[in-house]
Amino acid sequence: MGKLVERLNFGKIKERGIMPHFLEFQLNSYEDFLQMKVAPNNRENKGLESAFREIFPIESSSNGEIRLEYVSYELHAAEPPLNDELECKKRGKTYSDSLKVRLRLFNKKSGNEIQESLVYFGEVPKMTERGTFIINGAERVVVSQLHRSPGVSFNKEVNIQTGKDLFSGKIIPYKGTWLEFETDKNDFLSVKIDRKKKVLATVFLKAVDFFKDNTEIKEHFFEVKELDLTEFYEKYANDTEELLSVVRTKVESSFLKEAIYDEETGEIIAEEDAVISEALISKIIENKIAVLNYWEVKPEDLLIANTIANDTTKNSDEAVTEVFKKLRPGDLVTVDSARSLIKQMFFNVQRYDLEPVGRYKMNKRLKLEIDENEVLLTPEDVLGTIQYVIDLNNGESHVHTDDIDNLSNRRVRGVGELLLMQIKTGLLKMSKMVREKMTIQDIETLTPQSLLNTRPLNALILDFFGSGQLSQFMDQSNPLAELTHKRRISALGPGGLSRERAGFEVRDVHDSHYGRICPIETPEGPNIGLIGSLAIYAKINQYGFIETPYVAVKDGVADLNDIRYLAADEEEGMFIAQADTKLGEHNELLEPVTCRIGPEILDVEAKRVHYLDISPKQVVSVSAGLIPFLEHDDANRALMGSNMQRQAVPLLRTQAPFIGTGLERKVAVDSGAVVTTKVDGTVSYVDGKKIVIETEDKREYTYRLLNFERSNQSMCLHQSPLVNLGDKVKAGDIIADGPATSKGDLALGKNILMGFMTWEGYNYEDAILISDRLRKDDVFTSIHVEEYEIEARNTKLGDEEITREIPNVSEAALRNLDANGIIMVGSEVEPGDILVGKTSPKGETEPPAEEKLLRAIFGEKARDVRDSSLRMPHGSKGTVVEILELSRENGDELKAGVNKAIRVLVAEKRKITVGDKMSGRHGNKGVVSRVLPAEDMPFLEDGTHLDVVLNPLGVPSRMNIGQVLEVHLGMAMRTLNGGTHIATPVFDGATEEQIKDYLENQGYPRSGKVTLYDGRTGDKFDNKITVGIMYMLKLHHLVEDKMHARAIGPYSLVTQQPLGGKAQFGGQRLGEMEVWALEAYGASNILQEMLTVKSDDVTGRTKTYEAIIKGEEMPDSDLPESFKVLLKEFQALALDVELCDENDNVINVDEELNKEDTTLEYSPSDMLELEDDEDEDDYEDDEE
82 MGKLVERLNF
92 GKIKERGIMP
102 HFLEFQLNSY
112 EDFLQMKVAP
122 NNRENKGLES
132 AFREIFPIES
142 SSNGEIRLEY
152 VSYELHAAEP
162 PLNDELECKK
172 RGKTYSDSLK
182 VRLRLFNKKS
192 GNEIQESLVY
202 FGEVPKMTER
212 GTFIINGAER
222 VVVSQLHRSP
232 GVSFNKEVNI
242 QTGKDLFSGK
252 IIPYKGTWLE
262 FETDKNDFLS
272 VKIDRKKKVL
282 ATVFLKAVDF
292 FKDNTEIKEH
302 FFEVKELDLT
312 EFYEKYANDT
322 EELLSVVRTK
332 VESSFLKEAI
342 YDEETGEIIA
352 EEDAVISEAL
362 ISKIIENKIA
372 VLNYWEVKPE
382 DLLIANTIAN
392 DTTKNSDEAV
402 TEVFKKLRPG
412 DLVTVDSARS
422 LIKQMFFNVQ
432 RYDLEPVGRY
442 KMNKRLKLEI
452 DENEVLLTPE
462 DVLGTIQYVI
472 DLNNGESHVH
482 TDDIDNLSNR
492 RVRGVGELLL
502 MQIKTGLLKM
512 SKMVREKMTI
522 QDIETLTPQS
532 LLNTRPLNAL
542 ILDFFGSGQL
552 SQFMDQSNPL
562 AELTHKRRIS
572 ALGPGGLSRE
582 RAGFEVRDVH
592 DSHYGRICPI
602 ETPEGPNIGL
612 IGSLAIYAKI
622 NQYGFIETPY
632 VAVKDGVADL
642 NDIRYLAADE
652 EEGMFIAQAD
662 TKLGEHNELL
672 EPVTCRIGPE
682 ILDVEAKRVH
692 YLDISPKQVV
702 SVSAGLIPFL
712 EHDDANRALM
722 GSNMQRQAVP
732 LLRTQAPFIG
742 TGLERKVAVD
752 SGAVVTTKVD
762 GTVSYVDGKK
772 IVIETEDKRE
782 YTYRLLNFER
792 SNQSMCLHQS
802 PLVNLGDKVK
812 AGDIIADGPA
822 TSKGDLALGK
832 NILMGFMTWE
842 GYNYEDAILI
852 SDRLRKDDVF
862 TSIHVEEYEI
872 EARNTKLGDE
882 EITREIPNVS
892 EAALRNLDAN
902 GIIMVGSEVE
912 PGDILVGKTS
922 PKGETEPPAE
932 EKLLRAIFGE
942 KARDVRDSSL
952 RMPHGSKGTV
962 VEILELSREN
972 GDELKAGVNK
982 AIRVLVAEKR
992 KITVGDKMSG
1002 RHGNKGVVSR
1012 VLPAEDMPFL
1022 EDGTHLDVVL
1032 NPLGVPSRMN
1042 IGQVLEVHLG
1052 MAMRTLNGGT
1062 HIATPVFDGA
1072 TEEQIKDYLE
1082 NQGYPRSGKV
1092 TLYDGRTGDK
1102 FDNKITVGIM
1112 YMLKLHHLVE
1122 DKMHARAIGP
1132 YSLVTQQPLG
1142 GKAQFGGQRL
1152 GEMEVWALEA
1162 YGASNILQEM
1172 LTVKSDDVTG
1182 RTKTYEAIIK
1192 GEEMPDSDLP
1202 ESFKVLLKEF
1212 QALALDVELC
1222 DENDNVINVD
1232 EELNKEDTTL
1242 EYSPSDMLEL
1252 EDDEDEDDYE
1262 DDEE
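Have a look at this one:
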């Protein structure tokens, strides 16, 4: 077997846990959704199963006579060839399974007759082993969404006018109405329903029937007390003031339990439930009332007491009508309709649902013990929330408000859950249609099939995968890009945040991100902080909260076998030690121990420590974890470094980095770039297309290899075997390399000998000077595969034809086409070459009767056709590598009106060239400014020439010193044992001393600086220069894709100005500011041409073209089209504008418009007219 890359590891900390599979969450999420590996009758109530159980049974709305019940669902693989991923990609089809549902129909009228049948529901896309979907031939990824967790959360706001602290508690369901209990400046407790309608909390409690009337509410919140006043009358007989004061402290603000009567007259002094005020106490003393029965209101109960005192509704009927009036102002109100509305809003699972995660959060936050399957509101939830708000308002010490940016209050929705939301919506629509049909259709002829219309469901599934915000075209630039795209976590999308509304807090790094979301890898630009990446060791639990692993510590001793995954709320109040804490012989923590607790970092005694980090790299994501010496780089540059690794182009010949971090192998394997075997056995057959492995029991397993396939980003996907015939392999072994891998390790770039020095200004402003050896030896050469497609359609004038017979085309232009007019595989093509010959019928007028007669006698004359062939676009060349023909005759499915579709794949080798973007792994990016002959490059004392010269000024201000350490260590490893690969893990890498020792060992100075000589003169440079090996990448931004020129091309329909952007073959816009610049120079003639004949003076440009061809003098320019547009805009504003010549004669523009003859005597074929948006900028979308 081919030898894999072996790395010498500089890490000092032993791996304490096993890294999860990097695609675990994507794969598990979809498996939990479909439960494909579980028998239909044993499925748990989750995913698709839960959606069916929630919607069914469906009963006829009137009398429940007809009932449609759900039994189970089955998934059936598609028919060949659509059960194969590659075929689906080539044919533009969706890789999916058929969903069939077993339903039972009960008909009570005809004696409970039962019909059971398997109904086809549509197609459900199937996930590939790599965690992707193939939708209409394109590989896509569904990105996980980070959203606010359902449950209850409390927060504090300060009232601007009074400066008073106002508290609120929000109950947020997974779906349904939000409830917000809040205090206001008048000391009432009110509730906002769905963030807008506000009622008193006590009114709400009665409306939802948790209490019948205010008496029950008082019984819940207050105690009944009895006060005997007789002893006070005796004690303070002479001091009324004192008596009043003593009684006040006992009963003021409480509620009377019973009415008080004047014993002599029988007159009522105070009603039952009256608030005991100072005036009332005076009356009670005056009348010498002996005993008071009252509800005791303590100072901490004032909030709820005020609310009750201001509540005018007596019972639940009044309360429910008041709430109804607030929710539906203007509607006719009855108690029944109001009750039904409240029931629908809070006590109907289809409208209100906390989901198990919401229930879990409620129980945890309010210390309740309600069953997890109870997903509706309970009295305990509401009363617990109210009590918590009251405690906050009273400043109790055991309560606190929540931080909504903490990851304990944000959870992740995976693919399965996102799709489930769509499917539930679709099934709900479908169930409404079924109920309608049940009432309309004849009961005798009913079958489950006739009732169901699954179109809305299928439309929603297709919409979710095809154009949903979270379903994205996969970034397939290299295996790392692919992997990180699947591990991405986005706060955007339906039900999430929007870029505009997201403030600084949401985007910022939070202490709960530690070990869960990478603090480094996020896009630059408007999405910064809203899109993150899962940390290396992070997992997502059943509730969607991100967990990170720790080693348990008991009494100052770490138990390395006890590894626990904790979510953010579980680590609150815990002391967690750093991974590099020194351990003694028996794994006891040696003091002092540096710990973190929440956002703080402290030194504590070993006994106080609860957990120990599992690994120093658990903080960062996969991308950042691939940067050696990351700990020596500034965070901004580390961010650029991790983002740019994803843009590296896979090279023709790959080379693993000498200086790695130890993650390279795992990334290559988990991303699916390399081929691993699933079984133990012997290699019985191997070639470039497939590898066959035979097990001991003589079974054969075939692994197909990719051959020059095209990726989403037009890169070349190619796999090559690493095993030989007869090799013994074990399950999990790597048997073939893929794109951007080398001997089983990720290999995004090349190890390059470089020096930090200036060279004639060619590395000014981060420019890069390279040697032509990199071109000659194909060091940075990559293969790009472009796809060109053409369709032959039916048109009104006749059918288009794929043919070799093209009018007005020389035989030389057809030399590479076969008999059918399609280019042959292996042909070298240049810009403008025909790839597929196609003719379209020209419009012709109805022939006169005599011509029809002649045609009928002598046969059809050759119809007029025009050439509409597929040609190579400007600036592209290459070799044809594959041709795909799809046609109706062969039974291929094509779009309406298309008879044939032909796709041509053209591969092109691109060497590195001036203008290409290159970078290292530390955010040190630049553009190639000059390719120098190798012999002119500076050289070492042994005559070795440098490959790259970088500017030393790129290092100090950027503070990415990691690149310097990489270069020094790379220099030593280049010669150690003929080239040694090492791993220097993030935050646990090689030290400066170790690097110096290795340099010395290899005969280099400890400073890492050597004498260089000028390649042109042979003179020694004055100073010693840092020289070494840097791993450099060639990035996706290639100059060939950006370079563009136009002479004549398409014009915009309205303004008649050239279109913009390379994609439209557009021109360069001469804008307002450019005009000022030319005006400042007085370049009047250039300016005149630019604004007329070179742009939108239609007649002028035609005549100019004619004049150039005939060699005549240039004509004067005419009125530009945009001026005529301006006139029309004035007319639209009802302003009449007249044009006059120098003699004040009025020029009639309309006549000018009409008399213009824009037909060309010499019509350049590509003077097309296209309607397009003028401001269409063709820029690279670099956001993500």
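Residues 82 to 1265, numbered by the numbering used here, are exactly what the sequence shown covers, in order. Every residue gets a Cβ at the ideal spot worked out from N, C-alpha and C, and that includes glycine. Just so it is clear, the structure is predicted and the values come from calculations on it, not from any experiment.
Query raised in the report: If you draw a straight line from the alpha carbon of L1106 to that of C797, how long is it in whole angstroms?
Result: As a first step, residue 1106 must be located in the sequence shown, where it is residue number 1025. As a first step, residue 797 must be located in the sequence shown, where it is residue number 716. It is Ile, not Leu, that sits at residue 1106 in the sequence shown. Straight-line Cα distance between these residues: approximately 38 Å.
Report task. Provide the residue span of the beta strand (DSSP E) that contains Q226, from first to last. Result -> Against the sequence shown, residue 226 aligns to sequence position 145. First-last of the beta strand (DSSP E) with Q226: 225 to 229.
Requested in this report: Would you list, in sequence order, the uninterrupted beta strand (DSSP E) runs of no fewer than 3 residues that lie entirely inside the region 158 to 210?
Outcome: 177 to 188, 194 to 206
Report task. Could you have a look at R1087 and say whether DSSP puts it in helix, strand or coil? Result -> One-based indexing of the sequence shown puts residue 1087 at position 1006. Reduced to three states, the DSSP call for R1087 is coil.
Query raised in the report: Taking all protein chains shown into account, do 16 or more other C-beta atoms lie within 10 angstroms of the C-beta of K981, making it buried, or fewer, making it exposed?
Result: Walking along the sequence shown from the start, residue 981 turns up at place 900. Buried: at least 16 other Cβ atoms inside 10 Å.
**Report entry** Per DSSP, cross-strand counterpart(s) of E376
**Finding:** For the purposes of this step, residue 376 is identified with residue 295 of the sequence shown, where counting begins at 1. The sequence given here has Trp at residue 376, not Glu. Partner(s): V305, F336.
Query raised in the report: For L647, which residues from the same chain have a beta carbon less than 7 Å from its beta carbon, with the 5 sequence-adjacent residues on both sides left out?
Result: Here residue 647 refers to the residue found at position 566 of the sequence shown. For L647, where only same-chain residues beyond five positions count, the Cβ hits under 7 Å are E628, T629, Y631.
Query raised in the report: Does DSSP put E1237 in a helix, a strand or coil?
Result: Within the sequence shown, residue 1237 is the residue found at index 1156, counting from 1. Unreliable placement is indicated for E1237, whose pLDDT of 46 sits below 50; the coordinate value is still reported in the next sentence. E1237: coil per DSSP, three-state reduction.
Query raised in the report: By Cβ distance, which residues of its chain are closer than 7 Å to N534, with the 5 residues on each side in sequence left out?
Result: On the sequence shown, residue 534 is found 453 positions in, with the first residue counted as 1. Hits under 7 Å: M511, M514.
Query - Same chain, Cβ closer than 6 Å to S593, neighbours up to 5 away in sequence not counted - result: In the sequence shown, counting from the first residue as 1, residue 593 sits at position 512. Result list for S593: N487, L488, A649, in chain order.
Query raised in the report: G98 by DSSP, collapsed to three states: which one?
Result: Your numbering for residue 98 matches position 17 in the sequence shown. Of the three classes helix, strand and coil, the one that applies to G98 here is coil, per DSSP.
Report task. Could you check what DSSP says for E1265 in three-state terms: helix, strand or coil? Result -> On the sequence shown, residue 1265 is found 1184 positions in, with the first residue counted as 1. Because E1265 carries a pLDDT of 41, less than 50, the predicted location of this residue cannot be relied on, and no value is offered for it.
Report task. Assign C1221 to buried or exposed, taking buried as 16 or more other Cβ atoms, counted over all protein chains shown, within 10 Å of its Cβ. Result -> For this step, residue 1221 is matched to residue 1140 along the sequence shown. Exposed is the call here.
Query raised in the report: Over what stretch of residues does the beta strand (DSSP E) that includes Q659 continue unbroken?
Result: By one-based count along the sequence shown, residue 659 stands at place 578. From DSSP, Q659 is part of no beta strand (DSSP E); its letter is neither H nor E.
Requested in this report: Return the CA-CA distance between A619 and P575, expressed in angstroms with no decimal places.
Outcome: Here the question's residue 619 lines up with position 538 in the sequence shown. Here the question's residue 575 lines up with position 494 in the sequence shown. Using only the alpha carbons, I get a separation of about 24 Å.
**Report entry** Counted within 10 angstroms of its Cβ, other Cβ atoms place A1336 as buried (16 or more) or exposed
**Finding:** Nothing about residue 1336 can be reported from this structure: the residues present for the chain run from 82 to 1265 only.
Query - Run of the alpha helix (DSSP H) containing S531, from where it starts to where it stops - result: Along the sequence shown, one-based indexing puts residue 531 at 450. Here the alpha helix (DSSP H) through S531 covers 529 to 532.
Query - Reduced DSSP secondary structure (H/G/I, E/B, other) of F626 - result: Here residue 626 refers to the residue found at position 545 of the sequence shown. Note: F626 maps to coil in three-state DSSP.
Report task. With a 10 Å radius around its C-beta and 16 neighbouring C-beta atoms as the bar for buried, classify H481 as buried or exposed. Result -> In the sequence shown, counting from the first residue as 1, residue 481 sits at position 400. Burial call: exposed.
Query - Chain-order list of residues whose beta-carbon lies under 8 Å from that of G92 (same chain, five-residue window excluded) - result: Residue numbering aside, residue 92 sits at position 11 when the sequence shown is read from its first letter. Taken in chain order, the residues that qualify are G743, A1064, T1065, P1066, D1069, G1070.
Requested in this report: Can you tell me which of the three DSSP states N236 falls into?
Outcome: Residue 236 sits at position 155 when you count from the first residue of the sequence shown. Looking at N236 - three-state DSSP - the assignment turns out to be strand.
**Report entry** Supposed contact pair V961 and I904 - C-beta distance, whole angstroms, cut 8 Å
**Finding:** Translated into positions along the sequence shown, residue 904 becomes position 823. Translated into positions along the sequence shown, residue 961 becomes position 880. At roughly 5 Å, the Cβ-Cβ gap stays under 8 Å, so I904 and V961 are in contact.
Requested in this report: State the Cα-Cα distance for the pair Q794 and D556, rounded to the nearest angstrom.
Outcome: Here residue 794 is taken as the residue at index 713 of the sequence shown, counted from 1. Here residue 556 is taken as the residue at index 475 of the sequence shown, counted from 1. If you take the alpha carbons of Q794 and D556, they lie about 7 Å apart.
Query raised in the report: Whose C-beta lies closer than 8 Å to the C-beta of Y154 among residues of the same chain, with five residues either side of it excluded?
Result: Position 73 of the sequence shown holds residue 154. Around Y154: P121, L129, E130, F133, L180, K181, V182, R183, F202.
Query raised in the report: Quick one: Cα of R718 to Cα of I849, how far?
Result: Sequence index remark: in the sequence shown, residue 718 carries index 637 (1-based). Sequence index remark: in the sequence shown, residue 849 carries index 768 (1-based). R718 and I849: Cα-Cα distance of roughly 18 Å.
Requested in this report: May I ask which residues mark the beginning and end of the alpha helix (DSSP H) holding Q503?
Outcome: As a working note, residue 503 is residue 422 in the sequence shown. Note, Q503: alpha helix (DSSP H), 496 to 521.
Report task. Please name the residue or residues paired with L684 in a DSSP beta bridge. Result -> Looking up residue 684 in the sequence shown gives position 603. Just to set this straight, residue 684 is Asp in the shown sequence, not Leu. According to DSSP, D684 bridges with T675.
Query raised in the report: Whole alpha helix (DSSP H) runs in the region 419 to 468 with 4 or more residues, listed along the chain?
Result: 436 to 447
**Report entry** Helix, strand or coil at V590 according to DSSP, with G and I counted as helix
**Finding:** Locating residue 590 in the sequence shown gives position 509, where the first residue counts as 1. V590: coil per DSSP, three-state reduction.
Query - Reference T735; option with closest CA among V1179, V233, F861 - result: For this step, residue 735 is matched to residue 654 along the sequence shown. Considering only alpha carbons, the answer is F861.
Query raised in the report: Where does the unbroken alpha helix (DSSP H) through L707 begin, and where does it stop?
Result: Translated into the one-based positions of the sequence shown, residue 707 becomes position 626. First-last for L707: undefined, no H or E at that position.
Requested in this report: Helix, strand or coil for H1267, going by three-state DSSP, please let me know.
Outcome: A query on residue 1267 cannot be resolved here, the shown segment of the chain reaching from 82 to 1265 and no further.
**Report entry** Nearest residue (CA-CA) to F837, options F1102, A705, P254, A1015
**Finding:** For the purposes of this step, residue 837 is identified with residue 756 of the sequence shown, where counting begins at 1. Out of F1102, A705, P254, A1015, F1102 has the C-alpha closest to the C-alpha of F837.
Report task. Taking 7 Å as the cut-off, decide whether the C-beta atoms of F103 and D751 are in contact. Result -> Indexing the sequence shown from 1 puts residue 103 at position 22. Indexing the sequence shown from 1 puts residue 751 at position 670. Against a cut-off of 7 Å, the Cβ pair of D751 and F103 comes out as a contact.
**Report entry** Among E238, K809, I983, I451, the one whose alpha carbon lies nearest that of R969
**Finding:** In the sequence shown, the residue the question calls residue 969 occupies position 888. Of E238, K809, I983, I451, the residue nearest in Cα terms is I983.
Query raised in the report: By how many angstroms is the C-alpha of L1159 removed from the C-alpha of L1168?
Result: Counting from 1 along the sequence shown, the entry for residue 1168 is found at position 1087. Counting from 1 along the sequence shown, the entry for residue 1159 is found at position 1078. For L1168 and L1159, the distance between alpha carbons rounds to 7 Å.
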